[in-house]
Amino acid sequence: MGQQHGPETYAENWLHEQIESTLAFYYPTCIDEENGGYNHSFYDDGELSPDSTKHLVGTCRFIYNFSIGAILGKGAFCLEAAEHGLRFLQEHHQDKVNGGYYWTLDGQQVTEDTKYAYGHAFVLLAASKAYAAGIEWARDVIDSVYEVLEEHFWEYAYHLYADELSADWSEVAEYRGQNANMHMTEAMIAAYEATSDQKYLDRAYQLADVVTGRLTFQTKGLVWEHFTPEWEPDWTFVETDESKQEFRPHGFVPGHSIEWSKLLIMLDRHISEPWMTDRAVHLYQEAYQQGADMVYGGIIYSISADKFTMDTDKYYWVQAETFGASALLAGKLNNPAYWQRYEAMLDYCSNIFIDHAHGGGWYNMLFRDNIRQSPIKSEKAKADYHPIANYYETLRVLGAD
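In numbering that gives the first Met the number 0, the protein residues as written are 0 to 400.
This is the structure in structure tokens:
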């Protein structure tokens with residue numbers, strides 16, 4: 000393969016420091032001693048906001064973050080904090096009557112009991128990383144949530160997961176979306192890596208092939224978000240419920256095509272076929288070309304069905320997925336151009352998104368010209384999981400985990 004390349008500035012030590020500072024921003028304030036689980040919503044300076052919502056995705060992302068901290072040896076508090084969240088997940092987010100997991104709570108009270116595939120993907124991801132970190136009983140959570148997914152969400156005819164069901168599973172919403180299936184792919188890879196059970200890898204392979212193959216071939220070479228119950232592209236769907244818009248974004252989202260490129264290379268670690276790298280490169284390059292802001296830096300949020308610029312805001316997770324995908328492609332292809340892209344993206348993120356003044360954490364969303372939109376750094380489902388996940392996956396590329 001010739002000489003190996005790597006990052007010059009944002010190498011192992013920097014990545015470890017960022018994981019430590021991000022965890023330190025949240026901990027111990029995020030630990031809810033009164034109700035269990037975590038406090039989710041923070042101002043820029045680390046103070047809690049008045050929002051007491053406990054979101055299934057946020058709970059799982061905190062479990063993931065602290066599990067990564069434990070895996071990397073960042074302190075005994077990490078394993079304790081991860082298990083603290085996992086207990087709350089099982090005791091309060093879990094529906095003891097019908098199975099599955101509630102979407103939102105206030106304290107310990109259920110405020111939305113709908114069952115979403117997106118949320119269950121994060122349960123699987125969190126449990127898998129917790130098990131990998133050494134929490135033995137998390138294996139039972141992995142096994143049980145997989146059975147829930149098989150029984151209620153899996154659509155065998157399409158090899159994809161349905162999106163939304165009622166609390167008692169009796170009603171299936173018409174909406175179908177790629178976003179839940181993307182995160183399900185990530186979770187299945189994590190479950191395989193934690194357990195070595197082949198069924199998880201097989202499912203990740205199926206999902207990745209269908210979404211980046213059959214679906215994307217129908218949607219102009221990028222990953223479209225919205226589909227009909229028959230998994231045909233729904234070009235006119237717009238989510239009107241503000242609480243769901245984060246998970247059902249409007250238009251093509253370059254960040255999701257880039258995130259898929261990362262997942263394809265993660266899958267390639269375990270079962271390598273040429274189409275994975277080919278599609279990863281295509282999705283990354285096409286999305287970067289469409290989404291890169293050559294004036295203010297970073298990647299914009301969305302483009303229209305006709306591939307015209309639509310939402311020019313900068314979201315933290317899009318930038319994080321871009322540096323992570325760049326690192327994984329650099330490692331896979333041994334191509335220094337991707338390391339240069341990685342360095343350039345982290346220059347932008349370090350200067351614009353990472354809040355060094357308050358010890359860590361990423362701003363959530365900025366206007367196109369990089370001006371902050373809110374004093375809330377983190378709310379409900381954020382938890383800075385995307386940066387930590389991409390720091391960690393970059394460390395794996397560098398062989399430093």
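The C-beta atom is built at its ideal place from N, Cα and C for all residues, glycine as well.
_For Glu-258, the nearest candidate out of Ala-279, Ile-270 and Asp-240 (CA to CA)_ = The residue labelled residue 258 in the question sits at position 259 within the sequence shown. It is Ala-279 whose Cα lies nearest to the Cα of Glu-258.
*Lys-128 lies in the alpha helix (DSSP H); which residues open and close that run?*
Working through the sequence shown from its first residue, we reach residue 128 at position 129. Residues 116-132.
*So, using beta-carbon positions, are Ile-375 and Phe-41 closer together than 9 Å?*
Taking the first residue of the sequence shown as position 1, residue 375 is located at position 376. Taking the first residue of the sequence shown as position 1, residue 41 is located at position 42. With respect to Phe-41, Ile-375 sits close: the two C-beta atoms are nearer than 9 Å.
*Just reading off the beta strand (DSSP E) that Met-407 is part of, what are its end residues?*
Nothing about residue 407 can be read from this structure; the chain reaches only from 0 to 400.
*First and last residue of the uninterrupted beta strand (DSSP E) at Asp-105*: Start at 1 with the first residue of the sequence shown, and residue 105 comes out as number 106. 103-105 is the span of the beta strand (DSSP E), which, as asked, contains Asp-105.
*Straight-line CA distance for Gly-398 to Glu-392?*
Translated into the one-based positions of the sequence shown, residue 398 becomes position 399. Translated into the one-based positions of the sequence shown, residue 392 becomes position 393. Approximately 10 Å between the Cα atoms of the pair.
*Run through DSSP, which three-state label would His-385 get?*
As a working mapping, residue 385 is identified with position 386 in the sequence shown. In this structure, His-385 counts as helix in the three-state DSSP scheme.
*Specify whether the region 104-112 and the region 170-177 touch according to this definition: at least 3 beta carbon pairs, one from each stretch, less than 8 Å apart.*
Between the region 104-112 and the region 170-177, the count of Cβ pairs shorter than 8 Å is below three; the stretches do not touch.
*Do we get a CB-CB distance below 9 Å when we pair Gly-57 with the residues of chain B?*
In the structure shown, chain B cannot be found, because there is only a single protein chain.
*In angstroms, rounded to a whole number, what distance separates the CA positions of Asp-196 and Pro-248?*
The residue labelled residue 196 in the question sits at position 197 within the sequence shown. The residue labelled residue 248 in the question sits at position 249 within the sequence shown. Roughly 33 Å between the two C-alpha positions.
*Starting from Glu-325, trace the alpha helix (DSSP H) both ways and give me its first and last residue.*
As a first step, residue 325 must be located in the sequence shown, where it is residue number 326. Checking the sequence shown, residue 325 turns out to be Ser, not Glu. Residues 315-332.
*Would you mind working out which of Asn-350, Gly-358, Phe-216 and Asp-142 sits nearest Ala-23, comparing C-alpha positions?*
Reading the sequence shown from its first residue, position 24 is the one you call residue 23. Among Asn-350, Gly-358, Phe-216 and Asp-142, the Cα nearest to that of Ala-23 belongs to Gly-358.
*asked:* Spatial neighbours of Thr-227 within its chain, please: C-beta separation below 6 Å, excluding the five flanking residues on both sides.
replied: Taking the sequence shown and counting its residues from 1, the one referred to as residue 227 is at position 228. For Thr-227, where only same-chain residues beyond five positions count, the Cβ hits under 6 Å are Asp-233.
_Beta-ladder partner(s) of Met-364, from DSSP_ = Position 365 of the sequence shown, counting from 1, holds the residue named residue 364. According to DSSP, Met-364 bridges with Tyr-314.
_Considering Cα atoms alone, identify which of Leu-332, Gln-318 and Phe-366 is closest to Ile-343._
The residue given as residue 343 occupies position 344 in the sequence shown. The sequence given here places Ala at residue 343; Ile does not occur at that position. Looking at the Cα atoms, Gln-318 is the closest of the given residues.
*Would you kindly report the start and end of the unbroken beta strand (DSSP E) that includes Thr-110?*
Numbered from 1 along the sequence shown, position 111 holds the residue referred to as residue 110. Where Thr-110 is concerned, the enclosing beta strand (DSSP E) stretches over 108-111.
*Identify, in the order they occur along the chain, each residue of the same chain with its Cβ nearer than 7 Å to the Cβ of Asn-389, setting aside the five sequence neighbours on each side.*
The residue you call residue 389 lines up with position 390 of the sequence shown. Counting only Cβ-Cβ distances below 7 Å, and skipping sequence neighbours, we find Ala-319, Glu-320, Phe-322 and Gly-323.
*Pick from Tyr-25, Glu-33 and Cys-59: whose alpha carbon is nearest that of Glu-46?*
Taking the first residue of the sequence shown as position 1, residue 46 is located at position 47. The shortest Cα separation from Glu-46 among Tyr-25, Glu-33 and Cys-59 belongs to Tyr-25.
*Could you name the residues of the same chain whose beta carbon sits closer than 8 Å to that of Ile-30, not counting the 5 residues immediately before and after it, in chain order?*
For the purposes of this step, residue 30 is identified with residue 31 of the sequence shown, where counting begins at 1. Taken in chain order, the residues that qualify are Tyr-37, Asn-38, Ala-80 and His-83.
_Own chain, CB closer than 8 Å to Ile-141, minus 5 neighbours either side, in chain order_ = In the sequence shown, counting from the first residue as 1, residue 141 sits at position 142. Once the five neighbours on either side are set aside, the close Cβ partners of Ile-141 are Leu-123, Ala-126, Ser-127, Tyr-130, Ala-190, Ala-193 and Thr-194.
_Taking the alpha-carbon of Ala-116 as reference, which of Gly-68, Leu-71, Ala-166 and Phe-87 has the nearest alpha-carbon?_
As a working mapping, residue 116 is identified with position 117 in the sequence shown. The shortest C-alpha separation from Ala-116 is found at Ala-166.
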